[in-house]
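For what it's worth, our numbering labels the leading residue of the sequence shown as 304, then goes sequentially.
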Amino acid sequence: MRKILSWTLYNESVDAQILPVENEDVPEILEICAEALAHVDNPDRIKGYLGKATKWSLSKKCVLNGKIIGAYLLNEFPIQVMLDDCKRLFKEGKFSVCDFEDYEKYRTLRGLHGLALVVLPEFQKIGAGKKLRDVPLHMGYDYIWGMHLETLKNIEQWTNFGRKVLGKFTDDEDETVYITVMDLK
Ligand SMILES: CC(C)(COP(=O)(O)OP(=O)(O)OC[C@H]1O[C@@H](n2cnc3c(N)ncnc32)[C@H](O)[C@@H]1OP(=O)(O)O)[C@@H](O)C(=O)NCCC(=O)NCCS
Numbered sequence: 304m305r306k307i308l309s310w311t312l313y314n315e316s317v318d319a320q321i322l323p324v325e326n327e328d329v330p331e332i333l334e335i336c337a338e339a340l341a342h343v344d345n346p347d348r349i350k351g352y353l354g355k356a357t358k359w360s361l362s363k364k365c366v367l368n369g370k371i372i373g374a375y376l377l378n379e380f381p382i383q384v385m386l387d388d389c390k391r392l393f394k395e396g397k398f399s400v401c402d403f404e405d406y407e408k409y410r411t412l413r414g415l416h417g418l419a420l421v422v423l424p425e426f427q428k429i430g431a432g433k434k435l436r437d438v439p440l441h442m443g444y445d446y447i448w449g450m451h452l453e454t455l456k457n458i459e460q461w462t463n464f465g466r467k468v469l470g471k472f473t474d475d476e477d478e479t480v481y482i483t484v485m486d487l488k
């Protein structure tokens, strides 16, 4: 039965569309984020943070048979601001694996910040995540960067995709966070 369901979903995923986010989609997309990231934080904190930080006009949703099944939340927060903060953390011994030489090049480039890539659990592993993940490759920006909690255990999946780890630090809640970047031009 599970095989039949997977096969059906796999075929349907071919039809899954990537579309811009409309204002009325925002509450539903935040609920999807809260559900997909339930193992990371509580729903209100997830929705509160992403609701404020996301630039919705840049973000994309994935729609299957009229239903939103996932989204890629993005903004244009520049990596330089984060990196300057990392230099301070580095001096305090709280930041490691950094390559400050490489950092400098991003100062003059136009970047995207990937905030959250999510697909509803029942629609995962059928290609929707991949479709969404590929969106920034064609948006005309110079690079995309992101932060990844070590507890998500997915840093290898991001580096296999092409993200480079610039560094890692320990946040205020004692969690290890990786910073990754990927050149898009
Ligand atoms: C990440 C996520 C969107 C992937 O969606 P999906 O529909 O299962 O992915 P697909 O089957 O379309 O694509 C699989 C690809 O995604 C990658 N992937 C799967 N889970 C991943 C994860 N948690 N983080 C990063 N990449 C992931 C796989 O390595 C694979 O890459 P490859 O084809 O280059 O080998 C989905 O697992 C999810 O919503 N997870 C919970 C939220 C989360 O942890 N998001 C990432 C951090 S914001």
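Ideal Cβ positions, reconstructed from N, Cα and C, are used throughout, including at glycine.
Check                                                                                                                              : Outcome
Coil, strand or helix - VAL330 by DSSP                                                                                             : A small correction: the amino acid at residue 330 is Pro; Val does not occupy that position in the sequence shown. Looking at PRO330 - three-state DSSP - the assignment turns out to be helix.
Own chain residues within Cβ distance below 8 angstroms of GLY354, not counting five before or after                               : VAL329 and LEU333
8 angstroms CB neighbourhood of ILE371 in its chain, flanking five on each side removed                                            : ASP328, GLU331, ILE332, ILE335, LYS364 and CYS365
Backbone secondary structure at HIS441 - three-state DSSP                                                                          : helix
heavy atom of ligand 3 below 7 angstroms from TRP448 C-beta                                                                        : Here the bound small molecules are ligand 1; ligand 3 is not part of this structure.
Candidates ASP475, GLY373 and LYS434: closest to ALA337 by CA position                                                             : GLY373
For VAL343, the three-state DSSP class (helix, strand or coil)                                                                     : coil
For PHE398, the nearest candidate out of THR479, LYS488 and MET485 (CA to CA)                                                      : THR479
Span separating the alpha-carbon of SER362 from that of ARG391                                                                     : 31 angstroms
Close beta carbons around ASP318, own chain, < 8 angstroms, minus the five adjacent residues each side                             : LEU367 and ASN368
DSSP three-state assignment for VAL384, whether helix, strand or coil                                                              : helix
For ASP477, the residue or residues it bridges with in DSSP                                                                        : DSSP lists no partner for ASP477.
Proximity test, TRP461 beta-carbon vs ligand 1 heavy atom, cut-off 7 angstroms                                                     : yes
Check whether GLY449 and GLY417 have beta carbons under 8 angstroms apart                                                          : yes
Closest by C-alpha distance to THR489, when choosing among VAL484, LYS471 and MET442                                               : Look at the range of the chain in this structure, 304 to 488, and you will see that residue 489 is not part of it.
C-beta atoms of LEU452 and VAL324 nearer than 8 angstroms                                                                          : no
Chain D contact for GLU325 (CB, 8 angstroms cutoff)                                                                                : Checking the listed chains, one finds no chain D in this structure; it contains a single protein chain.
Rounded separation between GLY443 and LEU415 - CA only                                                                             : 10 angstroms
Cut-off 8 angstroms between Cβ atoms - residues of its own chain near PRO439, not counting five sequence neighbours on either side : TYR375, LEU377, LEU415, GLY417, ILE447 and LEU487
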